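Have a look at the structure below before the remarks.
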Amino acid sequence: MNNIKKVNPFQATIIETSLGTLTTLTTEAGISAHECISYGEKMLLANYIYHKDENYDLVYSIMDPEGGVESFVEHDGILPTLFLSPTQQNYVSLQPYHPDKNLEISIPVFNRENTALPKGNRPFSGKFVGTINQFSIFYEVDNFSDTKPDKLLAIEFKNGTIKKKHLIKIGFPKNNKISIKDNEIHLLAKNVNGLTHRQIDEFGNVKKERQLLTKQNFYREILKLSFESTSNILCEENGKISIKSISVHGEIKEVPLFDLKEKLYNTWAPERIAEDTFVTRFNGEFGNGWFTTKEDNLLELFYNKDVAGYKNMLTNEVFPMDHQDLIISGINKTSENNYAVVLYPRPDQKSRNKKLIVLNRKLG
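Counting from 1, one number per residue, gives the positions in the sequence shown under this note's numbering.
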């Protein structure tokens, strides 16, 4: 395959703020944010960049923590899903242009000169979770069916290249959250008496299982799951955010973190930026934001309700921005204890968004 070519679709503005380095990428005709992922100690973004004739290109952009950016255009593909190989090389699954077939291929983002064009597979709509041994793991949940099991896609690598894709159905209970750490895959699902915690291998075989008895089986996200040490899960009820710690014996202790005074609509899988340190994105009726936890402590909580920018609810410091209504596209780790937040202004119905805003924040 041919390597992708460098392009320059952005006008970049970089400013240093009390919160971190803020980079605004402006396009001439429009930009649609899609994905972001770690690229060493930088960040890799995948976006659609529009032309004046309404056609668009899939463009990958590498951004460093100081806001510097370089971009490359994908010559044959749409609907990107970024992921990492077991050796932490950047890959992408995308659908090549074809008039009759919707097939997905998985290829390196860069350095493709020794890669043969692979055969396409049926697209997998699950999210990239992480890597274990020689596998890159994706997971899919069908929230609209009570009978369809969860699915796991394990992309097997050998000698630095993709060998085979394994599509696996996960046994019930369904609607699991998934976590990968220390070469272990853990699942957590609701049941009638509480929660089911399982450890599985890359082919979906159950290695360990336990039932956690709790009156409240609703939780938001996994922070850490283990059979050998304390597990932590993120919970929220009517705006009250907490962490539930689960001992190896199944004893559960709740640690309150913050009362936001209003119910959250959604949370996303926490991004681990250091050992037991996670950044979690959320939205609710009146805005969106993110917060950072370390073990069972809350380090920061940013929320954009009633401000043009974001307010740290722990310190009341307001970080001003030029836009009242911002949407968070993604959050990912850059280096240890540091992360990047990708945002864009909510466009009106008559125009296309032309800006992407990236905040590089350093905690370490």
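Cβ atoms here follow ideal geometry from the backbone N, Cα and C, with glycine treated the same way. Computed from a prediction, not measured in an experiment: that's the story for all the values here.
What is the rounded straight-line gap between the Cα of F10 and the Cα of K244? Indexing the sequence shown from 1 puts residue 10 at position 10. Indexing the sequence shown from 1 puts residue 244 at position 244. C-alpha separation (whole angstroms): 44 Å.
So which of H197, Y303, L152 has the shortest CA-CA distance to E285? For the purposes of this step, residue 285 is identified with residue 285 of the sequence shown, where counting begins at 1. Comparing Cα-Cα distances from E285 to each of H197, Y303, L152, the minimum goes to Y303.
What are the start and end residues of the beta strand (DSSP E) that includes D57? On the sequence shown, residue 57 is found 57 positions in, with the first residue counted as 1. Counting along the chain, the beta strand (DSSP E) containing D57 begins and ends at 56-63.
So, I180 versus I137, is the Cβ gap smaller than 8 Å? What you label residue 180 is simply residue 180 of the sequence shown in a count that begins at 1. What you label residue 137 is simply residue 137 of the sequence shown in a count that begins at 1. Yes, the pair counts as a contact, with Cβ atoms nearer than the cut-off.
Between L234 and P270, how many whole angstroms is the CB-CB distance? I'm expecting something under 8 Å. The sequence position of residue 234 within the sequence shown is 234, counting from 1. The sequence position of residue 270 within the sequence shown is 270, counting from 1. With a Cβ gap of about 7 Å, L234 and P270 count as contacting.
Determine the contact status of T13 and T24, defining contact as a CB-CB distance below 8 Å. By 1-based counting over the sequence shown, the position of residue 13 is 13. By 1-based counting over the sequence shown, the position of residue 24 is 24. Yes. Within cutoff.
DSSP-derived helix/strand/coil call for P118: The residue given as residue 118 occupies position 118 in the sequence shown. P118 falls in the coil class under three-state DSSP.
Using the three-state DSSP reduction, which class does H34 fall into: helix, strand or coil? One-based indexing of the sequence shown puts residue 34 at position 34. In this structure, H34 counts as strand in the three-state DSSP scheme.
Please list, in chain order, all residues of the same chain as K362 whose beta carbon is under 8 Å from its beta carbon, the five residues on each side excluded. On the sequence shown, residue 362 is found 362 positions in, with the first residue counted as 1. The residues are G20, P65, N337, N338.
How many whole angstroms separate the CB atoms of I185 and Q199, which I take to be in contact at a CB cut-off of 8 Å? One-based indexing of the sequence shown puts residue 185 at position 185. One-based indexing of the sequence shown puts residue 199 at position 199. With a Cβ gap of about 7 Å, I185 and Q199 count as contacting.
Leaving aside the five residues before and after V141 along the sequence, list all residues of the same chain whose C-beta is less than 6 Å from its C-beta, in chain order. Here the question's residue 141 lines up with position 141 in the sequence shown. Leaving aside the five residues that flank V141 on each side, the residues in its chain whose CB is nearer than 6 Å to its CB run, in chain order, D150, N175.
With L45 as the anchor, note down where its beta strand (DSSP E) starts and where it stops. Numbered from 1 along the sequence shown, position 45 holds the residue referred to as residue 45. If you look at L45, you'll find it in the beta strand (DSSP E) that goes 42-50.
What do you reckon, are the CB atoms on V358 and A340 nearer than 8 Å? On the sequence shown, residue 358 is found 358 positions in, with the first residue counted as 1. On the sequence shown, residue 340 is found 340 positions in, with the first residue counted as 1. Contact: yes.
Helix, strand or coil: how does DSSP classify K354 here? Position 354 of the sequence shown, counted from the first residue, corresponds to residue 354. Three-state result, K354: coil.
With a 10 Å radius around its C-beta and 16 neighbouring C-beta atoms as the bar for buried, classify F282 as buried or exposed. Numbered from 1 along the sequence shown, position 282 holds the residue referred to as residue 282. F282 is buried by the Cβ-count criterion.
Going along the chain, which residues of its own chain have a beta-carbon closer than 7 Å to the beta-carbon of Q324, five neighbours each way excluded? In the sequence shown, the residue the question calls residue 324 occupies position 324. If we look at Q324 and ignore the five residues flanking it on each side, its Cβ neighbours are A308.
Verify whether the separation of the beta carbon atoms of E113 and N3 is less than 8 Å. Here residue 113 refers to the residue found at position 113 when the sequence shown is read from its first residue. Here residue 3 refers to the residue found at position 3 when the sequence shown is read from its first residue. Against a cut-off of 8 Å, the Cβ pair of N3 and E113 comes out as a contact.
Return the CA-CA distance between K148 and L314, expressed in angstroms with no decimal places. In the sequence shown, residue 148 corresponds to position 148, counting from 1. In the sequence shown, residue 314 corresponds to position 314, counting from 1. Going by the C-alpha atoms only, they are around 42 Å apart.
R198, enclosing beta strand (DSSP E) - first and last residue: Stepping through the sequence shown from its first residue, residue 198 is reached at position 198. First-last of the beta strand (DSSP E) with R198: 194-200.
Span of the beta strand (DSSP E), counted from its first residue to its last, around E156: Looking up residue 156 in the sequence shown gives position 156. Segment 151-158, the beta strand (DSSP E) holding E156.
Expected contact under 8 Å - CB spacing of I170 and A154 to nearest Å: Translated into positions along the sequence shown, residue 170 becomes position 170. Translated into positions along the sequence shown, residue 154 becomes position 154. With 8 Å as the limit, I170 and A154 do not qualify as a contact, their Cβ atoms being about 12 Å apart.
In chain order, which continuous runs of the beta strand (DSSP E) of length 3 or greater are located wholly inside the segment 325-349? 326-333, 338-345
How would you call R352, buried or exposed, if buried means at least 16 neighbouring beta carbons within 10 angstroms? Stepping through the sequence shown from its first residue, residue 352 is reached at position 352. Answer is exposed; the Cβ neighbour count stays below 16.
For N205, I'd like the list of residues in its chain whose CB is within less than 7 Å of its CB, leaving aside the five on either flank, ordered along the chain. In the sequence shown, the residue the question calls residue 205 occupies position 205. Nothing listed; no residue qualifies.
Taking the CB atoms as reference points, tell me whether S106 and F157 lie closer together than 8 Å. Residue mapping note: residue 106 aligns to position 106 of the sequence shown, counting from 1. Residue mapping note: residue 157 aligns to position 157 of the sequence shown, counting from 1. No, Cβ-Cβ distance for S106 and F157 is not below 8 Å.
Does DSSP put R112 in a helix, a strand or coil? Taking the first residue of the sequence shown as position 1, residue 112 is located at position 112. DSSP places R112 in coil when its eight states are reduced to three.
Do E254 and S365 come within 8 Å of each other at the CB atom, strictly closer than that value? Nothing in the structure corresponds to residue 365, since the chain is present only between 1 and 364.
So I137 is in the beta strand (DSSP E); what residue range does that whole segment cover? In the sequence shown, residue 137 corresponds to position 137, counting from 1. Per DSSP, I137 belongs to the beta strand (DSSP E) from 135-140.
Span separating the alpha-carbon of Q349 from that of N159: Translated into the one-based positions of the sequence shown, residue 349 becomes position 349. Translated into the one-based positions of the sequence shown, residue 159 becomes position 159. Rounded to whole angstroms, Q349 to N159 spans 49 Å at the Cα level.
So who's on the other strand from E28, going by DSSP bridges? Working through the sequence shown from its first residue, we reach residue 28 at position 28. Answer is none; E28 lacks a bridge partner.
Could you tell me whether the segment 47-54 touches the segment 90-98, where touching means 3 or more Cβ pairs closer than 8 Å? No, the segment 47-54 is not in contact with the segment 90-98.
Do you know offhand how far V279's Cα is from F144's? On the sequence shown, position 279 is the one that residue 279 refers to. On the sequence shown, position 144 is the one that residue 144 refers to. For V279 and F144, the distance between alpha carbons rounds to 28 Å.
If you draw a straight line from the C-alpha of T214 to the C-alpha of I15, how long is it? In the sequence shown, the residue the question calls residue 214 occupies position 214. In the sequence shown, the residue the question calls residue 15 occupies position 15. C-alpha separation (whole angstroms): 48 Å.
If I measure Cβ to Cβ from D76 and keep anything under 7 Å in the same chain, skipping five residues before and after, which residues do I get? Here residue 76 is taken as the residue at index 76 of the sequence shown, counted from 1. P96, Y97.
Would you call Y265 buried or exposed, if buried means 16 or more other Cβ atoms sit within 10 Å of its Cβ? Along the sequence shown, read from residue 1 onward, the residue named residue 265 stands at position 265. Flag for Y265 reads exposed.
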